[in-house]
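Residue numbering for the sequence shown follows numbering that gives the first Met the number 0, beginning at 0 and increasing consecutively.
Remarks on the structure that follows.
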Amino acid sequence: MPRILAVDPLVPSPIIIEEAAALIRAGKLVAFPTETVYGLGADATSDDAVRSIYTAKGRPSTNPLIVHVAEVEQARAIATEWPESAQILTEEFWPGPLTIILPRREGMTSSVVSAGASTVALRMPDHPVALALIAQAGVPIAAPSANKSGHTSPTRTEHVARSLGDAVPLILDAGPLSGGIESTVIDLSTNTPRLLRPGLLSITEIERLIGPVERVVISAGPSDELLTSPGQLTRHYAPYTRLMLSSNIDADLLAHAGQKIGAIVMHPIDLADAVTHAMPTNPDGYARELYHALHELDQQGLDLIIAEVPPETDEWLGVRDRLKRAAA
Ligand code: TXA
Ligand code: MG
0 MPRILAVDPL VPSPIIIEEA AALIRAGKLV AFPTETVYGL GADATSDDAV
50 RSIYTAKGRP STNPLIVHVA EVEQARAIAT EWPESAQILT EEFWPGPLTI
100 ILPRREGMTS SVVSAGASTV ALRMPDHPVA LALIAQAGVP IAAPSANKSG
150 HTSPTRTEHV ARSLGDAVPL ILDAGPLSGG IESTVIDLST NTPRLLRPGL
200 LSITEIERLI GPVERVVISA GPSDELLTSP GQLTRHYAPY TRLMLSSNID
250 ADLLAHAGQK IGAIVMHPID LADAVTHAMP TNPDGYAREL YHALHELDQQ
300 GLDLIIAEVP PETDEWLGVR DRLKRAAA
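In structure tokens form, the structure reads like this:
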């Protein structure tokens, strides 16, 4: 099992942070909390360290990683351009669950991070432990979610340990995280900003500041897939148990669906034959609990998990995206 060190989420111990930072500087992996999901971090300037992230996750080397910074200046140095839109968005939302894509400056990060692309993804996470770790390490930290590629992201330490096991030497445990789904990814390297991945920060909030953002088609099948951002892979965030979406979960559906059923529901319903997980009915609350619900139900040896789909409105875009991909 990996070493797990408990750390105060608000006032992290400098001794623990230095221990983790020393591992990062030595080219090792450290799982750490952010405001969204736990990340699997490595020195973003080292080819070998970044490669070890791909190995630990079993992640295709064509899927680029996000570079995490502790200060805006650090991000500016990693990109060759800093458009007005980047200035406006980072002033308002950093630190926070927003990732921006900009043209990459040669020599500031390993090209392995960008999977050979001429752009780089940048984010300043809103978590005292993450910010302290990046600052203390003295290098930007590349970090995808700390789970096996394609599967449900971790919002608690036990999710990380279960998914990655010995592949990660150290996990900084700051308890359950408040965000629950990943950051929103916006491409600012093109003329019109493009939404590559809906996420915790609502697209409405972003458009309020910079105007219309092009929505990259979120396809349901592999045939019409538009691979602008590799994270847009159709099947992603998936539990090991089969997941099905339904707009109307009732006893009838469950009776026909199979034997051992788990249900993720937003409306109170008495389902005697199912393991039910009642979800908050607002997008933030739902996001916070979604992955935990999937991890919990995945542990129960069920034949099928059925989730009630949330409303088709913009504020639910991030949550709906994760559910659709997890069920694909
Ligand atoms: O909330 C988050 O963003 C978490 C925490 C740990 O910060 N990280 C995360 O990383 O979700 P990951 O690797 O699971 O997702 C990174 C996303 C993927 O969709 C990837 O394709 C996209 O960002 N991405 C990274 N670099 C890119 C680039 N240069 N161009 C286009 N998309 C890029
Ligand atoms: Mg991920």
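Think of the CB as a built atom: it goes at the ideal place given N, C-alpha and C, for glycine as much as any other residue.
If you're wondering where the values come from, they're calculated on a predicted model, not measured in any experiment.
Buried or exposed (CB count within 10 angstroms, at least 16 for buried), residue i
| i | result |
| --- | --- |
| residue 135 | buried |
| residue 145 | buried |
| residue 225 | Low per-residue confidence applies at residue 225: pLDDT is 39, beneath 50, and the placement is therefore not dependable, though the value from the model is reported in the following sentence. By the neighbour-count rule (16 or more Cβ atoms within 10 Å), residue 225 is not buried but exposed. |
| residue 180 | buried |
| residue 222 | Low confidence applies to residue 222: its pLDDT is 36, below 50, so where it sits in the model is not reliable enough to give any reading. |
| residue 143 | buried |
| residue 7 | exposed |
| residue 260 | buried |
Separation of residue j from residue i, as counted between CA atoms
| i | j | result |
| --- | --- | --- |
| residue 275 | residue 15 | 38 Å |
| residue 58 | residue 49 | 11 Å |
| residue 127 | residue 285 | 23 Å |
| residue 192 | residue 316 | 17 Å |
| residue 92 | residue 71 | 11 Å |
| residue 80 | residue 234 | 33 Å |
| residue 140 | residue 43 | 5 Å |
| residue 151 | residue 309 | 19 Å |
| residue 265 | residue 314 | 16 Å |
| residue 162 | residue 125 | 24 Å |
| residue 154 | residue 108 | 27 Å |
| residue 348 | residue 293 | The structure shown does not extend to residue 348, since the chain spans only 0 to 327, so no value can be given for it. |
| residue 244 | residue 290 | 15 Å |
| residue 25 | residue 207 | 42 Å |
| residue 9 | residue 246 | 39 Å |
| residue 37 | residue 209 | 29 Å |
| residue 279 | residue 157 | 22 Å |
| residue 199 | residue 0 | 31 Å |
| residue 347 | residue 248 | What the structure shows of the chain is the stretch from 0 to 327, and residue 347 is not part of that stretch, so it cannot be assessed. |
Distance cut-off 7 Å: residue i Cβ against heavy atoms of the ligand ADP
| i | result |
| --- | --- |
| residue 80 | With respect to small molecules bound, the structure shown includes the ligand TXA and the ligand MG and not the ligand ADP. |
Bridge partners - residue i, DSSP secondary structure assignment
| i | result |
| --- | --- |
| residue 92 | Paired residue(s): none; residue 92 is not in a bridge. |
At least three beta-carbon pairs within less than 8 Å, the segment 109-122 to the segment 51-69: Touching, yes, given that three or more Cβ pairs across the two stretches are closer than 8 Å.
Should the segment 163-177 be regarded as contacting the segment 189-205, the criterion being three or more beta carbon pairs within less than 8 Å? As far as the Cβ criterion goes, the segment 163-177 does not touch the segment 189-205, which means the pair count is below three.
Around the ligand MG, Cβ to any heavy atom closer than 6 Å, ordered along the chain: Proximity annotation: the ligand MG has residues 143, 144, 152 in chain order, each selected because its CB is closer than 6 Å to a heavy atom of the ligand.
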